[in-house]
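The block underneath contains the structure these notes are about, expressed in structure tokens.
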Ligand SMILES: [Zn+2]
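Chains as they are written, first to last, in my numbering: chain A, 1414 to 1518; chain B, 39 to 172.
In structure tokens:
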């Protein structure tokens, strides 16, 4: 299973990005082997439909859980339908803090 | 310390908010609270005709727990009928696919897709979580 954390930058000390569709980066953590990659969000500046596009991307990547600050109604609906778990976090944190929390759980 | 509430997964919640007796004389008694999980137990056993083993598996509870929930709903229905008391459907300890939870420990909120255990926080793993009522 893979978990995605929306990130403002491409490293662990980057701030957690509370936007989902328009997040700058995606931190992708693979629980099976501990692999960690940062993927740039090509839809961050899209005219519209970023939430939908990014939701589809999550499904394509085989993501089971997404940690972000806010999911729009379309993204929510899609992720629900594809059985991707949504986690809404409102605190200001670094990507590393959140990653450690899921690793420990 | 209070024991944490065990939450039970419900497939089909009741499609009513309550029932009220009619055509009787005198006062209607205090409402009887029918929990979602009790309604589900009654439906699985007496409407769908499942045996307790299969029904308990569907609800993700042990057989003795199922038996307890089932006993409780039978008793409540009898009470409502005999004492002409209204029935109200209340949420109880149930959760559904569309439910969201909030973690008391890290404050994260999370959805619970099919096949995922909702009783532990999706971020920190704490079991101190509460249902956000829809
Ligand atoms: Zn938590």
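Note that the Cβ used here is the ideal one computed from N, Cα and C, for glycine as well.
For clarity, every value in this text was computed on a predicted model and none was experimentally measured.
How is residue i classed by DSSP in three states: helix, strand or coil?
i: residue 104(B); result: helix
i: residue 41(B); result: Residue confidence for residue 41(B) is low, a pLDDT of 42 falling below 50, so the modelled location carries little weight and cannot support an answer.
i: residue 109(B); result: helix
i: residue 1414(A); result: coil
i: residue 1464(A); result: helix
i: residue 1381(A); result: Residue 1381(A) lies beyond the range of chain A shown here (1414 to 1518); nothing can be said about it.
i: residue 1443(A); result: strand
i: residue 155(B); result: coil
i: residue 80(B); result: helix
i: residue 1472(A); result: helix
i: residue 49(B); result: coil
i: residue 1449(A); result: strand
i: residue 1434(A); result: coil
i: residue 1420(A); result: strand
i: residue 1428(A); result: strand
Of all the options the options, which has the alpha carbon lying nearest to the alpha carbon of residue i?
i: residue 1489(A); options: 137(B), 126(B), 107(B), 101(B); result: 137(B)
i: residue 50(B); options: 166(B), 86(B), 113(B); result: 86(B)
i: residue 115(B); options: 100(B), 79(B), 147(B); result: 79(B)
i: residue 143(B); options: 153(B), 126(B), 163(B), 149(B); result: 163(B)
i: residue 1426(A); options: 1440(A), 1434(A), 1415(A); result: 1440(A)
i: residue 112(B); options: 101(B), 72(B), 96(B), 102(B); result: 72(B)
i: residue 1471(A); options: 1449(A), 1498(A), 1482(A); result: 1498(A)
i: residue 1424(A); options: 1463(A), 1450(A), 1476(A), 1464(A); result: 1450(A)
i: residue 59(B); options: 155(B), 106(B), 120(B); result: 120(B)
i: residue 1458(A); options: 1446(A), 1468(A), 1510(A), 1435(A); result: 1435(A)
i: residue 69(B); options: 165(B), 159(B), 122(B); result: 122(B)
i: residue 145(B); options: 155(B), 153(B), 157(B), 168(B); result: 168(B)
i: residue 1445(A); options: 1415(A), 1515(A), 1479(A); result: 1415(A)
i: residue 1482(A); options: 1460(A), 1505(A), 1474(A); result: 1505(A)
i: residue 31(B); options: 159(B), 153(B), 109(B); result: Since the first residue of chain B shown is 39 and the last is 172, residue 31(B) is not available in this structure.
Can you name the residues of chain A whose CB is closer than 9 Å to the CB of residue i?
i: residue 163(B); result: 1514, 1515, 1517, 1518
i: residue 152(B); result: 1496
i: residue 50(B); result: None at all; the shortest Cβ gap to chain A is about 18 Å.
Give the range of the alpha helix (DSSP H) segment to which residue i is assigned.
i: residue 1508(A); result: 1508-1517
i: residue 93(B); result: 90-97
i: residue 1493(A); result: 1486-1494
So residue i and residue j are in contact, right, with Cβ under 8 Å, and what is the actual spacing, rounded?
i: residue 124(B); j: residue 66(B); result: 6 Å
i: residue 1433(A); j: residue 1484(A); result: 5 Å
i: residue 1420(A); j: residue 1502(A); result: Contact flag wrong, Cβ pair sits at about 12 Å.
i: residue 1500(A); j: residue 148(B); result: 4 Å
i: residue 1492(A); j: residue 1418(A); result: Not quite, the Cβ-Cβ distance comes to about 15 Å (not below 8 Å), so this is no contact.
i: residue 1465(A); j: residue 1487(A); result: 5 Å
Please check if any C-beta of chain C sits within less than 8 Å of the C-beta of residue i.
i: residue 1499(A); result: Looking at the structure shown, chain C is missing, and the protein chains on hand are A and B.
Grab the span of the beta strand (DSSP E) containing residue i for me, first residue to last.
i: residue 71(B); result: 70-73
i: residue 149(B); result: 147-149
i: residue 1476(A); result: 1476-1481
i: residue 1498(A); result: 1498-1501
i: residue 140(B); result: 138-141
i: residue 128(B); result: 125-128
i: residue 168(B); result: 167-170
Using a cut-off of 7 Å between C-beta atoms, extract the partners of residue i located in chain A.
i: residue 58(B); result: Residues of chain A passing the Cβ test: none, with the nearest at roughly 35 Å.
i: residue 149(B); result: 1493, 1498, 1499
i: residue 146(B); result: 1500, 1501, 1502
Counting only Cβ pairs nearer than 8 Å, list the residues of chain B close to residue i.
i: residue 1478(A); result: 160
Report the neighbours of residue i on chain B: residues whose CB is nearer than 9 Å to its CB, in chain order.
i: residue 1509(A); result: Per Cβ cutoff of 9 Å: no residues; residue 1509(A) is ~14 Å from chain B at best.
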